[in-house]
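Take a look at the structure below.
Residue numbers (the working numbering), protein chains in the order written: chain A, 22 to 417; chain B, 22 to 417; chain C, 22 to 417; chain D, 22 to 417.
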């Protein structure tokens, strides 16, 4: 238990596996973390957000260890940890949260005030506080009693680990987007993006009782996967305008709820679409009926050096606010407060209420050695969700 | 279209089919109802509340026409009805609601201030305002534009009519009980009562994403039906205390949410149980964890002449308020505001999101001539839900 | 009761008083409105939205009768009106709403689906459905039972009419903005705009229990009024950046809640500010802490012919979405569903809970003859709220 | 700093001041509390709940140190406390809460799962976990980073300490009762009980924007105080039934919201009223309109040895559930999760939004030596709220 292989970001499209020291109960600022634990990673997933970094569009320092979708076994426990025990199998929310600041007390762990001194937002494996990512053998998790979701039974959890591994980020994130878009019993929903988060949003909409669930993308392979799993799909690269495509499915040109699972790397719609970071937001504002509920968990940033315009580089987008204002839109954006949802979603999975999750997610478990290759394959639009299993813990 | 057969309550366990005049657009106080329509009943269900009346425990005048779970086709339209059209297939919420008073404006149609002058609560086929029930060939529905839920496509609706017929009362009622009990993603739920409302609550809990759903009753046939449909069950007539039975299923002695689908004709728990109108409430207060969410849609009344004690006759029950107060219980009771839920539930049914509803509901469609017999069979504890089809509209 | 003087919009900065026929119970499409009533205007206010029209920036047809903030006495009642009676003193919500469509049933009367066939949004005195405005002697109000708020006692109401006249629009609108910005007990709030809506928002924030309430504007006279009434103010035309000005008051650079009461005619901040329709939104995104609640009731439109850029003319604005996304902003925009709030606010006024409203609002009651002059004075930035009293009903 | 005087309960109506050791960072089960701090009490209030204990009706062990309404200065900090510092002036919520269990994470600190092993509910100075009360010179507070509310500025706070001392319990408690009763803008409210909690509820209702606020009691001195402070009052010992008294004030026999600030030591209504623990609940069910919102923070228990009936002793009460069910009542009961409200209320006080609080509360600051006498005076129905100042910190 002395080595610690980890995937480091070394620059755009450049990753390498490094050998780190075994993690210590110390935070990125060098303070002792007696409230923390060391986790042996059981599963650690590659996320679309990692791809933003990989492509060099989400600024990150060279040498940063990636990985914010982490599940593992507790192997060392700080002296101030009272309830989490060595041997517990736990899901680690991607937000680093202290449980003691105003925002954490109010269930807004996505904007914890103390774990990242620069902005109120800490995360593992991001340029958000310097916390080591979990695409590694081991990682440190602070405020363990507050943060960790313990699975009630290890054997039961390992039997569903390909679903449960999604609890650290993308399942709650897709669910949060639906909640903020006001998806509920009988809602009609349009989800932009058929990547893993969009697919989690589709499954979440189903769990929330939505009626007609339409997923839009340009990636034919991903759309085929979603279609096969029982959802409606539209190809936004087609010439047919989005409202027409929706009408063909639903009989109406507008849906109740709009969900953005794409973010700043969006393209405009139609066959000759170019980069347009506001394309998805504007499309949602168009196709959601009044009063319009929109949940946007697709990542947006200032500082995308590859953006096409000066304004976009600075994080300003051309949003069709004037025309759509009369529809009373309500837009909620930002990161998901994972702790608000992960326990309930875990229960739903454990009791067999989301057995449809596996098919649409299409998880492939890979060893750490194959992770860099998987980044490349995922970048090219693979319909898989890659889950790294550093220690060979997951039986296929 | 001149006759109008209808089921009249003539006293405890005495029903008869009467021939009424074709209904007029006139309210029970003799006022013209230009805002009303005449409905030709397509389906009209027998409800557990009808059974309270049938058994003489819910006071009702002799000659009252029964039936508050009504679905039908519009055959005549008042001159002030602007949006509902002749020929529309509609679900009629059991609450009679004007859409113009404070409570209706605030989505509390279950306590409409104007449709029943005595208490703020009007309903068809009850001693609540004198509105003719719909266990008949035809009925009048006032405030039609506000009240009626129109099915978007008649053929599509008729294909699912055995599910959609539940939208007039018991499906929204079971759903409302779950909502008020705070059932959501991953909740563990105990539902008291395996009658049709309890079974609708079980299906609703599933739609709402609940994890472990346990239904309790003493009726073995109903429990078997529920079990077969994929829910957990407990037999409360057993000697084993309820918390022990729950623990055997869940590994915990308490659930998140409690749902009362029994009401004032409850029995105490255990093999030698006697009548005790507070039995279910006290059981729920015991088995729901803190903070305790309880939704009680089982009917409670003052004036049950067959109650065992003077207090119970007057509607006073011995509730274990002192012991359970520390659990922060939140109890919501009363009738369901059907209009708050029926459109969403309709959408969920039409898009195939509640395909599990049919199995647990066990609907049997019968002609009007067999309705009185069905009251008797249902009274004896049948696991069926009887749906009257007065005009032979439903193809089996 | 045969004449009907009314203020007509005849083009940018051109108004005239016309003599119309006495209104009929007929809607703009020529259909009989038996559900309507005729109102004799007691008070009808000039609104900032009227100013957008007056300045030619909000498209409107020549000859349109202005006025959407109306209070009056019922003088004629359609045959299908059951609860509103001749002689009732009523507040008329500015949204025209049927009470029968899905949105009205769900308390979203601001996006009624039937009263304006082009978009889901009807209003009096706007290019939104063709409904005659109330800056007149008389007007017709459809769906009177549903729409009208009756004051319980006429004499009591007339004694507070300068407050109660605000219930038809701007008080609920300012309140709605606060609600959507999540203002509650102890919140710190920044309100952009010291016009009448901004001042109503300030008073609403106080009613909602806010702690530090800061109002920003460039109009010194309006800021002085607000300051005198007990609120904090900032002058956004100053060189000192907004966060610095907030810090000087609050000790923090960010507030809990942001409220936009300006809209598309906004200017950038600072001494050399130019027109920028996104200026207020971007300022709010900057000064609201994470998780950021923002309520935007300032009007935004597509089609402002005087906008400075092609994008702005089409209703596209440069919004700083990228940088602020990490703050988890939740933006709710659009018109206020007046009926959701007006009854409660009326009660608060009648029971003396908003006695601070008068000072900050600074109402001046004027006869109809002075209305055109008042438009001009208001356009120049007057700190008054002008209320037209066509029949001399209000005793000063 | 070595002595620690403290008020001990020695049996019904028997209190004594004991000299304890200076508190240690150790919990009642003997475990080290490195997450805790030692507080030097600045103010510690006598509560109505203390009176239940004092009268021997709320079971408590002999020798128990009283006091759960505590405010103080941090004088010692455990090594795992990161954010609270020595010298901070803090309000201590009366609920002992770990911040790490499911309920604490979900803002339900009133039912913390870990701080009292017997029931999910820990509190200082009660028979709820063994935590030393704060009617003393010093006390230990565990989980300090999570639990404590730090005042931003000590001098500013000391200037308002007579208001701020209420944040540890009764102001949030009265506020919580109003929130759960759904008090909001314009609500009409009936508050049962003119003791300190009832008076806090009245001020809270005002802060929440309620219109007509009626407080009922039998204690003429307390009613006079409330009346003078600008609220409506009714004397429930009068022959005139409560609905008649309400009608005389409001013009209606029912209010929107009902608040119970009395609890199990209630008396029936009218001149010859006897003990009846359900009296207040039944009165609220009667006078609240449908749909009925009721918040009950009055304490109820099982085990009141002085109760009049066997059922009441066991915590069973005769509640008029049957008759009132049709009104759709929603009852929320239990202890207040103080942390959900105390920060916002503090802000409202600090910014002068509750300047009306002092008059209705009528705080008297007393030295610790006078505390036992104050218990006696308070027991006899004094209209004062007694605040103990053990160290002479409060300047009058």
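Just so you know, even glycine gets a beta-carbon here, dropped at the ideal spot from N, CA and C.
- Residue 335 of chain D and residue 219 of chain C have their C-alpha atoms roughly 56 Å apart.
- Residue range 123-126 is occupied by the alpha helix (DSSP H) that includes residue 124 of chain A.
- Within the segment 307-393 of chain A, complete beta strand (DSSP E) segments of at least 3 residues are found at 309-317, 338-340, 351-354 and 384-387, given in chain order.
- Ranking D:260, D:242, D:252 and D:393 by CA distance to the CA of residue 292 of chain D puts D:260 first.
- Distance from the Cα of residue 97 of chain C is smallest, within the candidate group C:124, C:68, C:67 and C:44, for C:44.
- The beta carbons of residue 177 of chain D and residue 371 of chain D sit about 7 Å from each other, so the pair counts as a contact at 8 Å.
- Beta bridge pairing from DSSP links residue 288 of chain D with D:296.
- About 11 Å separates the beta carbons of residue 161 of chain A and residue 91 of chain A, which is beyond the 8 Å limit, so they are not a contact pair.
- Chain A has no Cβ within less than 8 Å of the Cβ of residue 211 of chain C.
- Against chain B, a Cβ distance below 9 Å from residue 104 of chain C picks out 119, 121, 122 and 135.
- Listed along chain D, no residue sits closer than 9 Å to residue 152 of chain B by beta-carbon distance, the nearest being about 16 Å off.
- An exposed status is given to residue 50 of chain D, since fewer than 16 other beta-carbon atoms sit within 10 Å of its beta-carbon.
- In the three-state DSSP reduction, residue 133 of chain B falls in the coil class, being neither helix nor strand.
- If you check each beta-carbon in the segment 285-318 of chain D against every beta-carbon of chain B, the ones closer than 9 Å belong to 285, 298, 299, 302, 303, 310, 311, 312, 313 and 317.
- The shortest CA-to-CA distance from residue 62 of chain C to any of C:325, C:68, C:32 and C:156 is the one to C:156.
- Considering only beta carbons, no part of the segment 75-96 of chain D lies closer than 7 Å to chain B.
- Counting only residues of its own chain and dropping the five nearest sequence neighbours on each side, residue 33 of chain C has a CB closer than 7 Å to the CB of 76 and 77.
- At a beta-carbon threshold of 8 Å, the residues of chain B lying near residue 364 of chain C are 123, ordered along the chain.
- By the neighbour-count criterion, in which a residue is buried when 16 or more other Cβ atoms sit within 10 angstroms of its Cβ, residue 361 of chain A is buried.
- Along the segment 232-250 of chain C, going in chain order, the ones with a CB nearer than 9 Å to a CB of chain D are 232, 233 and 234.
- Proximity to residue 411 of chain A across A:64, A:38 and A:29 peaks at A:64, based on C-alpha coordinates.
- When rounded, the separation of the alpha-carbon atoms in residue 137 of chain D and residue 317 of chain B is 30 Å.
- Take the alpha-carbon of residue 36 of chain A and the one of residue 30 of chain A: they are about 5 Å apart.
- In terms of CA proximity to residue 158 of chain C, C:24 leads the group C:226, C:24, C:270 and C:272.
- The beta carbon of residue 278 of chain B sits no closer than 8 Å to any beta carbon of chain D.
- Take residue 264 of chain C, set aside five residues on each side of it, and the residues of its chain with a beta-carbon closer than 8 Å to its own are 274, 275, 307 and 308, in chain order.
- Counted as a single uninterrupted DSSP element, the beta strand (DSSP E) harbouring residue 253 of chain D occupies residues 253-256.
- Within the segment 139-180 of chain A, the beta strand (DSSP E) runs of at least 3 residues that lie entirely inside it are, in chain order, 159-162.
- A residue is called buried once 16 or more other Cβ atoms fall within 10 Å of its Cβ, and residue 326 of chain B, having fewer, is exposed.
- Residues of the segment 45-77 of chain B whose Cβ lies closer than 9 Å to any Cβ of chain D: none.
- Within the DSSP secondary-structure output, residue 85 of chain A pairs in a beta bridge with A:30.
- The Cβ of residue 222 of chain B sits no closer than 8 Å to any Cβ of chain A.
- Look at the segment 143-175 of chain A: the residues with a C-beta under 8 Å from a C-beta of chain D are 166 and 167.
- Identification of chain D residues near residue 341 of chain B by a Cβ-Cβ cut-off of 9 Å yields 323, 335, 336, 337 and 338, ordered along the chain.
- Taking 3 residues as the minimum length, the beta strand (DSSP E) runs contained wholly in the segment 186-247 of chain A are 210-213 and 234-238, in order along the chain.
- Collapsing the DSSP output to three states places residue 303 of chain B in a helix.
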